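Residue numbers (our numbering), protein chains in the order written: chain A, 585 to 951; chain B, 87 to 237.
From the three backbone atoms N, C-alpha and C, an ideal C-beta is built for every residue, glycine too.
Predicted model, so just to flag it, every value in this text is computed and none were measured.
Have a look at the structure below, then the notes.
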């Protein structure tokens with residue numbers, strides 16, 4: 585009896601083993617797509633190992649499409665046009681694509697698997713995006729929840745960016761965080777310093793990256809990032825400028841002003857910075873100092889809820905009512921905004937009501 | 087009941103360090119379906135639907151969102167403030183779309199209750215009836231939430 589049971593168990597184990605081996609072999613054969621070619625813009629060809637997502641395959645070859653969700657197919661930032669190959673559209677992609685995008689065969693590169701040769705079209709500016717290694721060379725506490733961090737690039741490395749653009753910081757595993765994440769932050773230093781960048785980072789409650797930055801990073805730590813990304817940058821015109829920012833939205837505007845200081849400008853410029861109370865203001869002295877640098881520049885911090893102890897003598901309320909005196913010719917005014925979507929919406933509306941053209945309002949919204 | 091493969095996948099995304107620093111389950115060791123069933127029963131006892139609660143939360147967030155700098159008094163007794171941070175978060179259930187990193191704090195001045203929620207909480211309650219696990223950073227106790235929002 586016992587012998588029979590043992591024999592049956594052995595037979596069952598044997599069959600299971602054979603099936604497992606067959607499965608492994610089948611998987612190797614079926615999932616082995618060999619080398620595949622990715623043709624980019626008809627100009628460049630990459631050879632990659634088939635079977636991975638287009639986003640990660642491109643990343644391995646140092647071509648970095650933006651991504652805010654780490655390839656989960658939920659942010660829609662990694663869109664690109666597929667000219668040939670790429671397989672059928674997946675149900676995970678459809679909700680994030682417009683009718684026009686579907687018609688143009690725009691796909692989410694994180695969802696497209698490279699299983700055969702593929703041709704894609706991406707903006708040429710993507711080729712300027714690179715991965716950088718750096719060392720933390722300075723950490724400044726600007727406020728109770730905002731830090732300025734300077735990342736010094738490795739010896740011999742330089743970064744070419746436009747004032748207003750952003751990078752994606754890549755975290756390292758720490759504490760309970762087992763995987764790397766990447767998050768976008770505007771560069772706050774000027775492009776003329778190309779061997780380092782400064783970022784201004786506000787601590788986000790429960791944020792994986794900002795907690796890492798605020799509580800783990802220290803001088804000398806090594807950090808990787810990719811960039812530069814984005815089309816929020818200063819336009820080379822002679823129009824008057826209205827800058828409006830709140831919170832860590834000061835970063836790209838600081839970069840633009842420092843850049844203008846280097847290249848020189850005669851443009852009339854007014855910078856409104858909205859905050860709740862005095863404890864939320866930072867770099868005030870530095871921004872005020874630009875009034876001595878430029879022939880026609882004014883920095884106007886506006887507090888919505890100053891504490892009585894603040895003894896605040898400056899402007900109060902929302903920034904919008906103060907625009908009237910700053911706009912001398914709405915037809916010849918550009919606006920650069922960076923902050924929360926609520927602020928961006930309210931400011932865009934107010935500017936357009938005062939005659940500033942919608943296509944002259946450039947913004948980098950937080951959400 | 088044993089969690090399904092799909093539930094295990096969702097619970098994996100709810101772990102600390104995957105989408106948020108501390109995750110969505112807190113110190114709750116119950117399987118996801120048990121957490122959902124328990125909160126669903128609490129809602130039934132309160133005679134409120136998840137849709138109704140999510141709509142109310144959204145209306146408060148939206149109102150304070152429009153006045154983006156500081157607290158707003160709504161309906162004469164709800165003091166509401168929303169802070170928006172850079173970036174967005176995906177839903178742990180794998181829904182397409184990402185949700186703003188916006189945190190709303192509501193204080194009901196008539197009963198003194200204060201509740202805090204994120205944009206993702208509204209989605210999780212509306213679509214999944216998920217109020218997060220006990221002990222998580224943004225856990226919303228249905229009873230407290232209903233009292234804060236409707237009393």
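- Query: If you run the structure through DSSP and keep just helix, strand and coil, what is residue 188(B)?
  - Reply: By 1-based counting over the second chain, the position of residue 188(B) is 102. Residue state, collapsed to three classes: strand.
- What do you reckon, are the CB atoms on residue 667(A) and residue 695(A) nearer than 8 Å? On the first chain, residue 667(A) is found 83 positions in, with the first residue counted as 1. On the first chain, residue 695(A) is found 111 positions in, with the first residue counted as 1. No, these two residues do not count as a Cβ contact at 8 Å.
- Query: Is residue 650(A) closer than 8 Å to residue 748(A) when the C-beta atoms are compared?
  - Reply: Within the first chain, the letter at position 164 stands for residue 748(A). Within the first chain, the letter at position 66 stands for residue 650(A). No, the pair does not count as a contact, with Cβ atoms beyond the cut-off.
- Query: What are the partner residues of residue 623(A), as DSSP defines its beta bridges?
  - Reply: Here residue 623(A) corresponds to residue number 39 of the first chain, with the count starting at 1. Answer is 629(A), 703(A), bridged to residue 623(A).
- Query: Going by C-alpha distance, which of 941(A), 937(A), 924(A) is nearest residue 948(A)?
  - Reply: Start at 1 with the first residue of the first chain, and residue 948(A) comes out as number 364. Of the candidates 941(A), 937(A), 924(A), the one whose C-alpha sits nearest the C-alpha of residue 948(A) is 924(A).
- Would DSSP call residue 932(A) helix, strand or coil? By one-based count along the first chain, residue 932(A) stands at place 348. Helix.
- Query: Under 9 Å Cβ-Cβ, which residues of chain B neighbour residue 868(A)?
  - Reply: In the first chain, residue 868(A) corresponds to position 284, counting from 1. Those within 9 Å of residue 868(A) in chain B number zero; the least Cβ separation is about 17 Å.
- Would you report the Cα separation of residue 629(A) and residue 647(A), rounded to the nearest angstrom? Stepping through the first chain from its first residue, residue 629(A) is reached at position 45. Stepping through the first chain from its first residue, residue 647(A) is reached at position 63. For residue 629(A) and residue 647(A), the distance between alpha carbons rounds to 12 Å.
- Task: Taking residue 942(A) as part of the beta strand (DSSP E), name the residues at either end of that continuous run.
- Result: Here residue 942(A) is taken as the residue at index 358 of the first chain, counted from 1. Where residue 942(A) is concerned, there is no enclosing beta strand (DSSP E), given that its DSSP letter is neither H nor E.
- Message: Which same chain residues end up closer than 8 Å to residue 635(A) when comparing Cβ atoms and leaving out the 5 residues on each side of it in sequence?
- Response: Walking along the first chain from the start, residue 635(A) turns up at place 51. Here the set comprises 615, 616, 617, 697, 698, 699.
- Coil, strand or helix - residue 647(A) by DSSP: The residue you call residue 647(A) lines up with position 63 of the first chain. Coil at residue 647(A), not helix or strand.
- Query: In its own chain, which residues sit with a C-beta less than 7 Å from the C-beta of residue 110(B), not counting the 5 before and 5 after it?
  - Reply: The sequence position of residue 110(B) within the second chain is 24, counting from 1. The answer, listed in chain order, is 100, 178, 218, 219, 222.
- Message: Tell me the DSSP secondary structure of residue 207(B) in three-state form.
- Response: Residue mapping note: residue 207(B) aligns to position 121 of the second chain, counting from 1. Of the three classes helix, strand and coil, the one that applies to residue 207(B) here is helix, per DSSP.
- Query: How is residue 808(A) classed by DSSP in three states: helix, strand or coil?
  - Reply: Against the first chain, residue 808(A) aligns to sequence position 224. In the structure shown, residue 808(A) sits in a strand (DSSP, three-state: E or B).
- Item | Residues bridged to residue 714(A) (per DSSP) | In the first chain, residue 714(A) corresponds to position 130, counting from 1. BP columns for residue 714(A) point to 811(A).
- Identified DSSP bridge partners for residue 828(A): Sequence index remark: in the first chain, residue 828(A) carries index 244 (1-based). In DSSP, residue 828(A) forms a bridge with 856(A), 921(A).
- Relative to the alpha-carbon of residue 95(B), which residue among 118(B), 173(B), 157(B), 138(B) has its alpha-carbon at the smallest distance? Counted from its first residue, the second chain places residue 95(B) at position 9. Nearest option by C-alpha distance: 118(B).
- Task: Closer than 7 Å by beta-carbon distance: list the chain B residues that pair up with residue 663(A), in chain order.
- Result: Taking the first residue of the first chain as 1, we reach residue 663(A) at position 79. The contacting residues do not exist; residue 663(A) stays about 13 Å from chain B at best.
- Query: Identify the residues that DSSP records as bridge partners of residue 863(A): which are they?
  - Reply: To locate residue 863(A), count along the first chain from 1; it is residue 279. For residue 863(A), which the question treats as bridged, DSSP gives no partner whatsoever.
- Got a sec: which bits of the stretch 757-773 of chain A sit with their beta carbon under 9 Å from any beta carbon on chain B, in order along the chain? 757, 758, 759, 760, 761, 762, 763, 765, 767, 768, 769, 770
- Mind reading off the beta-carbon distance from residue 639(A) to residue 662(A)? Whole number of angstroms is fine, and I expect it under 8 Å. Residue 639(A) sits at position 55 when you count from the first residue of the first chain. Residue 662(A) sits at position 78 when you count from the first residue of the first chain. Going by Cβ atoms, the distance from residue 639(A) to residue 662(A) rounds to 5 Å, so yes, they are a contact pair.
- Quick one: what does DSSP say residue 177(B) is sitting in, helix, strand or coil? On the second chain, position 91 is the one that residue 177(B) refers to. Coil.
- Message: Tell me the DSSP secondary structure of residue 227(B) in three-state form.
- Response: Position 141 of the second chain, counted from the first residue, corresponds to residue 227(B). The answer is coil: DSSP assigns residue 227(B) none of H, G, I, E or B.
- Spatial neighbours of residue 719(A) within its chain, please: CB distance less than 8 Å, with the 5 preceding and 5 following residues excluded, ordered by chain position. Within the first chain, residue 719(A) is the residue found at index 135, counting from 1. Closer than 8 Å at the Cβ level, and outside the excluded window around residue 719(A), lie 735, 736, 738, 804, 805, 806, 807.
- Would you mind reading off the limits of the alpha helix (DSSP H) that contains residue 846(A)? Translated into positions along the first chain, residue 846(A) becomes position 262. Residues 834-847.
- Message: Taking 8 Å as the threshold (beta carbon to beta carbon), is residue 890(A) in contact with chain B?
- Response: Stepping through the first chain from its first residue, residue 890(A) is reached at position 306. Output row for residue 890(A): interface = no.
- Task: Under 6 Å Cβ to Cβ from residue 944(A), same chain only, skipping five residues before and after it: list those, please.
- Result: Working through the first chain from its first residue, we reach residue 944(A) at position 360. So the list reads 918, once near-sequence residues are dropped.
- Message: Could you compute how far the alpha carbon of residue 225(B) sits from the alpha carbon of residue 927(A)?
- Response: Numbered from 1 along the second chain, position 139 holds the residue referred to as residue 225(B). Numbered from 1 along the first chain, position 343 holds the residue referred to as residue 927(A). Answer to the nearest angstrom: the Cα atoms are 28 Å apart.
- Message: Does residue 735(A) come out as helix, strand or coil in the three-state DSSP assignment?
- Response: Stepping through the first chain from its first residue, residue 735(A) is reached at position 151. Strand.
- Proximal residues to residue 113(B) (C-beta, below 7 Å), its chain only, five neighbours per side dropped: What you label residue 113(B) is simply residue 27 of the second chain in a count that begins at 1. 220, 221, listed in sequence order.
- Inter-residue spacing [alpha-carbon to alpha-carbon] between residue 779(A) and residue 726(A): In the first chain, the residue the question calls residue 779(A) occupies position 195. In the first chain, the residue the question calls residue 726(A) occupies position 142. Taking the straight line joining both Cα atoms gives about 23 Å.
- Item | Beta carbon of residue 121(B) nearer than 8 Å to that of residue 175(B) | In the second chain, the residue the question calls residue 121(B) occupies position 35. In the second chain, the residue the question calls residue 175(B) occupies position 89. Not closer than 8 Å, so no.
- Closer than 7 Å, Cβ to Cβ, to anything on chain A: give me those residues from the stretch 87-115 of chain B, in chain order. 102, 103, 106, 107, 108
- Can residue 712(A) and residue 688(A) be called in contact, C-beta distance under 8 Å? On the first chain, residue 712(A) is found 128 positions in, with the first residue counted as 1. On the first chain, residue 688(A) is found 104 positions in, with the first residue counted as 1. For residue 712(A) and residue 688(A), no; Cβs fall outside 8 Å.
- Could you please give me the residues that DSSP links to residue 193(B) through a beta bridge? The residue you call residue 193(B) lines up with position 107 of the second chain. Per DSSP, 165(B), 200(B).
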